[in-house]
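What follows is a short report on a single structure.
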């Protein structure tokens, strides 16, 4: 397995499992502990305990359920983000309603997987989270792109040249970065953005990288949501 080779010379990825079902926590521990350079350092059955464990254990990644009694996984993720926790959150849930997807990403989650995902997908998501790379179950990604495209279609038309109209960009962005960001929000690939704006592919990739840095996001879906929030 490539991930084993990749992690042999590095420190183990420290994971905190958060789920209100003890059997689910046990299953996840069996799935990922001591696998491909991953170590489970703790478990929590609710949001407050997860926050306490995160402060004490300082995990690299949190596997987060959404529906828990009292404090939901989304609320817990938002609090981790607000307090500047280092851990990256991978949501792992049986509930994939559109509202959960968008709110989890807005709260700061890096990835969103369904509990039906294969073990390999969960392990890849953990490794990806450490590097700020998003992983989504296929059906989740399709729906997130559809959500972003639907929201964007109801707003001002995306300009094909800088300064040609539409909403003003946030102050931190250049007009061209704004153009690129709004096309990302419509679900276009880098190649499609290159054609639409008559830019080279490396230039588009550079603009997307700048957007990630300036808007403090780690993946294209989070970027699309942030652009749509500004583009109201």
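In the numbering used here, the protein residues as written are 1259 to 1490. For glycine and all other residues, C-beta sits at the position ideal for the given N, C-alpha and C.
- Residue range 1319-1322 is occupied by the beta strand (DSSP E) that includes residue 1321.
- For residue 1388, no beta strand (DSSP E) run applies; the uninterrupted alpha helix (DSSP H) run containing it begins and ends at 1377-1388, by DSSP.
- Residue 1392 sits in coil when the DSSP states are folded into three classes, being neither helix nor strand.
- Note that the segment 1335-1349 does not touch the segment 1280-1290; fewer than 3 beta-carbon pairs, one per stretch, sit closer than 8 Å.
- Counting C-beta pairs closer than 8 Å gives three or more between the segment 1432-1443 and the segment 1478-1485, which meets the contact rule.
- Spanning the alpha carbons of residue 1448 and residue 1311 requires a straight line of approximately 39 Å.
- If you look at residue 1331, you'll find it in the alpha helix (DSSP H) that goes 1331-1340.
- When the alpha-carbon of residue 1323 is set against those of 1350, 1457, 1375, 1384, the nearest one is in 1350.
- Straight-line spacing of the CA atoms in residue 1371 and residue 1458 works out to 33 Å.
- Taking C-beta atoms as the reference points, residue 1331 and residue 1376 fail to come closer than 9 Å.
- Within a 10 Å sphere around the beta-carbon of residue 1471 sit fewer than 16 other beta-carbons, which makes this residue exposed.
- Spatial neighbours of residue 1274 in its own chain (CB-CB distance under 8 Å, excluding positions within 5 residues in sequence) are listed in chain order as 1298, 1299, 1300, 1301, 1302, 1308, 1311, 1312, 1315, 1317, 1319, 1320, 1321, 1345.
- Note that the C-beta distance between residue 1348 and residue 1296 is not below 9 Å.
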